[in-house]
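Chemist:
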Amino acid sequence: GRPGVLTTPSVRLLLKKGASCYRPPRTGERRRKSVRGCIIDENLSALALIVLRKGETDIPGLADTTVPRRLGPKRASNIRKLYNLTKEDDLRQFVVKRPLPEKDGKKAKTKAPKIQRLITPVVLQRKRHRLAIKKRRVESRKEAESEYMNILHLLRRQERIRPRSRLSSMRDSRSSVGEERDKEKENAAAKVAKKVAKREANKEVKKVTEAAKKADAKKSDKKTDARKSDTKKAEAGKKTARNKKEKKVEKKATSTRLQEGGAQKETQKPPRVNPLRPKKKRSKRKNK
1 GRPGVLTTPS VRLLLKKGAS CYRPPRTGER RRKSVRGCII DENLSALALI VLRKGETDIP
61 GLADTTVPRR LGPKRASNIR KLYNLTKEDD LRQFVVKRPL PEKDGKKAKT KAPKIQRLIT
121 PVVLQRKRHR LAIKKRRVES RKEAESEYMN ILHLLRRQER IRPRSRLSSM RDSRSSVGEE
181 RDKEKENAAA KVAKKVAKRE ANKEVKKVTE AAKKADAKKS DKKTDARKSD TKKAEAGKKT
241 ARNKKEKKVE KKATSTRLQE GGAQKETQKP PRVNPLRPKK KRSKRKNK
């Protein structure tokens, strides 16, 4: 129970840092927790007490018996402290061992903890290895630093020499620039001349090709005209032959008609004419 809380049941109290029965997860945080009062009653099943003052006689079953520690110290420094040992002593002989229950027909066995922070030859070897790695890193860093400083000195020296060399390079560059300009002008003039020559050559080629095309067109026109005239002559000859045939057929038909008409006139009787009846005059109709 919490001291100072004079109640038998549990009470919900607002607890802060430093109070018993509470550990704040964040700084300055308070929480309401249920805490039992400090008054003892019949509802408690166990009590944790401390003997502050020993009387004349021991309490039977409580203070008259000594219970040994089940587990001894595990850390190397604590074992040395318990037995007042030095660094040269072997700690494996002073570890508190616990006997295991015996099994029928087998030897008795004990169980011992693993000693932590024990300095062994393997631990020393690993330490030497770590230190060697550190030394190598320091040496490599120093070498890199020296190389960097040498490069810096060279660059600064070049910066000092650069203005002097710049003047001489400017003089040389002026002369070289003039030569380059002359070369560029010559190249430009040569390019222009090449372009002009190409244009003239293209014009001549175009003229020749156009003349050849015109000649071919004339030849083809003449051929087509000759073909057309031949076809016209053939058609005219065919038409004349047809006309001649048609005329012959018409003549034959007319001759046959005349012959048939003469035969009919001979067979027909002459019409009767009344001599007393006067003849009618035929009037010529004018075509309007």
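Residue numbering for the sequence shown follows the UniProt record's numbering, beginning at 1 and increasing consecutively. All C-beta atoms in this analysis are idealised placements derived from N, C-alpha and C, irrespective of residue type, glycine included.
State the Cα-Cα distance for the pair Thr-71 and Arg-92, rounded to the nearest angstrom.
Modeler: The amino acid occupying residue 71 in the given sequence is Leu; Thr does not appear at that position. One C-alpha to the other measures close to 15 Å.
Chemist: Can you name the residues that DSSP bridges to Lys-33?
Modeler: Per DSSP, Leu-13.
Chemist: Could you tell me the boundaries of the alpha helix (DSSP H) in which Leu-82 lies?
Modeler: Its alpha helix (DSSP H) spans residues 76 to 83.
Chemist: Spell out a yes or no on whether the stretch 34 to 52 and the stretch 5 to 16 are touching, meaning 3 or more CB-CB pairs, one atom from each, closer than 8 Å.
Modeler: The stretch 34 to 52 is in contact with the stretch 5 to 16.
Chemist: Candidates Ala-48, Leu-13, Val-122 and Ile-50: which alpha carbon is nearest Ser-34's?
Modeler: It is Leu-13 whose Cα lies nearest to the Cα of Ser-34.
Chemist: Determine which residues share a DSSP beta bridge with Lys-111 and list them.
Modeler: Lys-111 is bridged to Arg-98.
Chemist: If Ile-115 and Ala-76 are in contact, beta carbons under 8 Å, what's the gap, nearest whole angstrom?
Modeler: With 8 Å as the limit, Ile-115 and Ala-76 qualify as a contact, their Cβ atoms being about 6 Å apart.
Chemist: If you draw a straight line from the alpha carbon of Asp-230 to that of Gly-237, how long is it in whole angstroms?
Modeler: The straight-line gap from Cα to Cα measures roughly 11 Å.
Chemist: On the DSSP bridge list, what partners appear for Gln-116?
Modeler: For Gln-116, which the question treats as bridged, DSSP gives the partners Arg-75.
Chemist: Gly-55 to Ala-63, Cα distance in whole Å?
Modeler: Approximately 10 Å between the Cα atoms of the pair.
Chemist: Figure out for me which residue from Arg-36, Lys-17, Glu-180 and Cys-38 has the closest Cα to the Cα of Glu-29.
Modeler: Cα-wise, what sits closest to Glu-29 is Lys-17.
Chemist: Less than 8 Å between the C-beta atoms of Thr-110 and Lys-97, yes or no?
Modeler: Going by C-beta atoms, Thr-110 is nearer than 8 Å to Lys-97.
Chemist: In or out: residue 290 buried (at least 16 other Cβ within 10 Å) or exposed?
Modeler: As displayed, the chain neither begins before 1 nor continues past 288, which places residue 290 out of reach and without an answer.
Chemist: For Val-95 versus Ile-79, is the C-beta spacing smaller than 8 Å?
Modeler: Cβ distance < 8 Å, so Val-95 and Ile-79 count as in contact.
Chemist: With H, G and I counted as helix, E and B as strand and the rest as coil, what does DSSP make of Asn-243?
Modeler: Correct three-state label for Asn-243: helix.
Chemist: Output the distance between the C-alpha atoms of Asp-172 and Glu-179, rounded to the nearest integer angstrom.
Modeler: Going from the Cα of Asp-172 to the Cα of Glu-179 covers about 11 Å.
Chemist: Could you name the residues of the same chain whose beta carbon sits closer than 8 Å to that of Ser-117, not counting the 5 residues immediately before and after it, in chain order?
Modeler: Residue identity check: residue 117 is Arg in the sequence provided, not Ser. Same-chain partners within the cutoff: Arg-75, Ala-76 and Ser-77.
Chemist: May I have the straight-line CA-CA distance separating Leu-259 from Lys-247, to the nearest angstrom?
Modeler: Correcting the residue type first, residue 259 is Gln in the shown sequence and not Leu. Each residue's Cα considered, the two are about 18 Å apart.
Chemist: Measure the C-alpha to C-alpha separation of Leu-155 and Lys-142 and round it to an integer number of angstroms.
Modeler: Their Cα atoms are separated by approximately 20 Å.
Chemist: Can you tell me whether Ser-20 is helix, strand or coil according to DSSP?
Modeler: Ser-20: coil per DSSP, three-state reduction.
Chemist: Check Gly-1 in the structure and name its three-state DSSP category.
Modeler: Coil, per DSSP.
Chemist: Do you know offhand how far Glu-88's Cα is from Arg-130's?
Modeler: Answer to the nearest angstrom: the Cα atoms are 24 Å apart.
Chemist: From the DSSP output, in three-state form, read off Gly-237 for me.
Modeler: Of the three classes helix, strand and coil, the one that applies to Gly-237 here is helix, per DSSP.
Chemist: Using C-beta distances below 7 Å, list every residue in its chain close to Leu-82, excluding the 5 sequence neighbours before and after it, in chain order.
Modeler: The answer, listed in chain order, is Pro-73.
Chemist: Just mark Met-167 as buried or exposed, buried being the case when its beta carbon has 16 or more other beta carbons within 10 Å.
Modeler: The sequence shown places Leu at residue 167, not Met. Label assigned to Leu-167: exposed.
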